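Asks:
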Amino acid sequence: MPMLEFLFIFLQTLTLLALAPLIIGVIRKTKAVLQSRKGPPLLQPYYDLIKLFHKGSVISKDASWMTTIAPLACLISMVVAALLVPAFLTTTAGFMGDLIVLVYLFANMRFFMALAALDAGSTFGGMGSSREMMVSALIEPAILLAFFSIALLTGTTSLSIASGLIVDSGAELIGPTLILAFSAFIIALLAENSRIPFDNPATHLELTMTHEGMLLEYSGRDLALMEYASMIKLMLFMTIAWNAFLPWGIATELRMGSLLIGAGLFLLKVFLLAVIIALIESSMAKMRLFRQPSLLAGAFVLAFLAVVSYFVLEAM
Amino acid sequence: MAEMAVNAMNGLAAAVLLSAVLLMAIGRMRTLVSAFALQSLSLGLLAAVVGYTTGYMHMFVVAVITIGVKALLIPSILNSVMQRIGVSKEVEPSLRAPSSLLISAGMVVLGYYVAQPLIEKSGSVTAGALAVSLAVVLIGLFIMISRRKAITQVVALLVTENGIFMAAISLGYGMPLIVELGVSFDVLVAVLIMGVLVFRINQTFDSLDTSFLRRLRD
């Protein structure tokens, strides 16, 4: 593979890694504006991360090595996943892994997070990880089925080839399959990233928390690594939502013009989705934990119908 | 251009199906009514696109009537009935949401399976929408039997009607205009009468639960 492509793959991954905190900032700022508050500055997540990186971390004396390696394991899974996701260019390091690897890289992060939360033996940690496991066990089939419908449409499980094929086919592939799979994936995005109908990302002190409950034992540098990994995860989910299901505008070749269009459209799309997430979060209350399975079952049904629609309506 | 219209039709059919599945999952009456309005809106747009592709001008009239009556007028009537009665806003299904969603997935598969031979035989551009419309009819019928309150049953009846209407559009590019007009007017009057009926049920039993109606004796 030529040098130039490698360069762009790294550039793409770096863009994803660098923009991740900004997206959180955009979501928070939009929510603040909608609630007529002034809100923190857009770059506040960066300042927080830098501040946390400068502090030492306190680790419970009962904690084992799991607590020490979990933040690194989470961050590494997310960075590897970022290599596989096309952002503004369909060329990725896709030769390393496909959609299914991607699902399990996300699962890997969750696995380490849940184990680390159980490790120190605090009550909140165990509660948070059991809740997180419930949500993820219910949402994983939906994500896999949504990905399978993409794989059926394009005949490949490689994300970069699939998104290139969808772009090349024009608007021909828009149909029940793609739309149903996209809506299932948006619900999955909210569930996997602990956004509002499932979990409130702003609370630290309530019994309702899922994700934050798992991070309570962490401080300083380890906390920064964990938080940064979650930010990258949200960014990756948003990128996949656009570029696997509705990738139009992404650059399929290394030409200056199409790269510029790809990069501009990518930024626009991601910011749009961030604003939509902020709108959803300000217009909804958090669901009760025992109501969540119904929405998750909804996502599963939508993804299942996407696959069935492919066989009936498009495979003729 | 024609390809674009087929894409638009498929997309709108997907929107109708999506809102039918949504109707199955919703727990609040007001959201239920707005989901129904959304479904009728996509149905009206579907009729307009079909009219555009096939050149049958009366489909545009049908589209305007569908959007006007089913997406605007009927939801506002239902909302005002709910406001006047002031009942609790929960839907109270007799089956829990996850299991009814899974059943609705089964219904969609059944609808697709039944429509499959018809799609293969017919050469019409909207044949794909037929499978979706059968699924919507089945989902509407299922919502009707699985909900206990009178208003949700009214909405379910309207969803079934939407499914039948979509089948008519996708099979024969719509019925003659006079039939269409009659059906729309019928639905409107039916909703008005059902509104009064719901009001009376509420007055008599102090609740909208139709299972109380089993106690009727002469």
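Just so you know, the sequences run in chain order U and Y. Sequential numbering from 64 applies to the first sequence in our numbering. Sequential numbering from 3 applies to the second sequence in our numbering. Quick reminder that beta carbons are idealized off the backbone N, C-alpha and C, glycines included. This one's a predicted model, so the numbers in the text were calculated from it and none came from an experiment.
Mind checking if U:P84 is an interface residue toward chain Y, Cβ cutoff 9 Å exclusive?
Replies: Judged by the 9 Å Cβ criterion, U:P84 is not in contact with chain Y.
Asks: Check whether the stretch 224-244 of chain U touches the stretch 180-193 of chain U, taking contact to mean three or more Cβ pairs, one atom from each stretch, closer than 8 Å.
Replies: Contact fails: fewer than three Cβ-Cβ distances are below 8 Å.
Asks: Compare the C-alpha of U:F261 against each of U:R351, U:S232, U:V338 and name the closest.
Replies: Answer by Cα proximity: U:R351.
Asks: For U:L178, which residues from the same chain have a beta carbon less than 6 Å from its beta carbon, with the 5 sequence-adjacent residues on both sides left out?
Replies: Correct list, in chain order: M129.
Asks: Give me the residue from Y:M6, Y:V157, Y:S96, Y:V83 with the minimum Cα distance to Y:N204.
Replies: Answer by Cα proximity: Y:V83.
Asks: For U:F367 and chain Y, any beta-carbon pair shorter than 9 Å?
Replies: Output row for U:F367: interface = yes.
Asks: Using a Cβ distance threshold of 8 Å, determine whether the stretch 323-333 of chain U contacts the stretch 168-178 of chain U, with at least three qualifying pairs required.
Replies: Touching, no, given that fewer than three Cβ pairs across the two stretches are closer than 8 Å.
Asks: Report the residues of the stretch 228-250 of chain U with a CB closer than 9 Å to any CB of chain Y, ordered along the chain.
Replies: So the close ones are G233, A234, E235, L236, I237, G238, P239, T240, L241, I242, L243, S246.
Asks: The stretch 190-202 of chain U: which residues have C-beta closer than 8 Å to a C-beta of chain Y, in chain order?
Replies: Against chain Y - using a Cβ distance shorter than 8 Å - the stretch 190-202 of chain U contributes no residues.
Asks: Work out the CA separation of U:K118 and U:G102 for me, nearest whole Å.
Replies: So the alpha carbons of these two residues sit roughly 25 Å apart.
Asks: Count Cβ pairs between the stretch 67-79 of chain U and the stretch 295-305 of chain U that sit closer than 8 Å; are there 3 or more?
Replies: Short answer: they touch.
Asks: So which residues on chain U does Y:G130 lean against when the C-beta distance must stay under 7 Å?
Replies: Here the neighbours are L376.
Asks: Going by C-alpha to C-alpha distance, which of U:S226, U:P204, U:E203, U:L201 sits closest to U:W213?
Replies: According to the sequence provided, residue 213 of chain U is Ile. The question's Trp does not apply to it. Of the listed residues, the one whose Cα sits closest to U:I213 is U:S226.
Asks: Identify every residue that forms a DSSP beta bridge with Y:D208.
Replies: Note: Y:D208 sits in no beta bridge, so no partner.
Asks: Mind pulling the alpha helix (DSSP H) runs of 4 or more residues that sit fully within the stretch 107-175 of chain Y?
Replies: DSSP runs (the alpha helix (DSSP H)) wholly in the stretch 107-175 of chain Y: 129-148, 152-174.
Asks: Mind pulling the chain Y residues with CB within less than 8 Å of U:V364?
Replies: Per Cβ cutoff of 8 Å: V23, L103, L104, S106, A107.
Asks: Quick check: is the beta carbon of Y:Y114 nearer than 9 Å to any beta carbon in chain U?
Replies: For Y:Y114, the answer is yes, since a Cβ of chain U falls inside 9 Å of its Cβ.
Asks: I want to see whether chain Y comes within less than 9 Å of U:S99, judged by CB atoms only; does it?
Replies: False, the Cβ-Cβ gap to chain Y never drops below 9 Å.
Asks: Taking only the alpha-carbon atoms, compute the straight-line gap between U:P104 and U:I86 and give it to the nearest angstrom.
Replies: Each residue's Cα considered, the two are about 12 Å apart.
Asks: Could you spell out where the alpha helix (DSSP H) holding U:E290 opens and where it closes?
Replies: 283-303 is the span of the alpha helix (DSSP H), which, as asked, contains U:E290.
Asks: Return the chain-ordered list of same chain residues with a C-beta closer than 7 Å to the C-beta of U:S127, the five sequence neighbours on each side being excluded.
Replies: Hits under 7 Å: D182.
Asks: Can you pull the chain U neighbours of Y:P100, defined as C-beta to C-beta under 7 Å?
Replies: In chain order: P356, S357, A360.
Asks: Work out the CA separation of Y:F214 and Y:T154 for me, nearest whole Å.
Replies: For Y:T154 and Y:F214, the distance between alpha carbons rounds to 15 Å.
Asks: By Cβ distance below 6 Å, which residues in the same chain neighbour U:F116 in space, the five residues on each side in sequence not counted?
Replies: Only R284, A287 meet the Cβ criterion.
Asks: Return yes when the Cβ of Y:N81 is within less than 9 Å of the Cβ of Y:R32, no when it is not.
Replies: Yes, the pair counts as a contact, with Cβ atoms nearer than the cut-off.
Asks: Name, in chain order, the residues that DSSP records as bridge partners for Y:P95.
Replies: Answer is Y:R149.
Asks: Using alpha carbons as the reference points, say which of U:A145, U:A244, U:A200 lies closest to U:A209.
Replies: When each option's Cα is compared against that of U:A209, the closest is U:A244.
Asks: For U:I249 and Y:I105, I'd like the C-alpha separation in whole angstroms.
Replies: Roughly 22 Å between the two C-alpha positions.
Asks: Considering Cα atoms alone, identify which of Y:V200, Y:A27, Y:L194 is closest to Y:P95.
Replies: Checking every option, the nearest Cα to that of Y:P95 belongs to Y:A27.
Asks: So, is the C-beta of Y:V110 closer than 9 Å to a C-beta in chain U?
Replies: It does; some Cβ of chain U falls within 9 Å.
Asks: Determine whether the Cβ of U:S345 lies closer than 9 Å to any Cβ atom of chain A.
Replies: You won't find chain A in this structure, because its protein chains are U and Y.
Asks: Does DSSP put U:L309 in a helix, a strand or coil?
Replies: U:L309 falls in the coil class under three-state DSSP.
Asks: Check this for me: beta carbons of Y:S136 and Y:A169, under 9 Å apart or not?
Replies: Reading off the sequence, residue 136 of chain Y comes out as Leu, not Ser. Yes; because the gap between Cβ atoms is below 9 Å, this pair is in contact.
Asks: Quickly, what does DSSP pair U:L152 with across the bridge? List them, please.
Replies: For U:L152, which the question treats as bridged, DSSP gives the partners U:A314.
Asks: Looking at the secondary structure, which residues open and close the alpha helix (DSSP H) in which U:I250 lies?
Replies: Its alpha helix (DSSP H) spans residues 239-255.
Asks: Please state whether DSSP places U:R194 in a helix, a strand or coil.
Replies: Correct three-state label for U:R194: helix.
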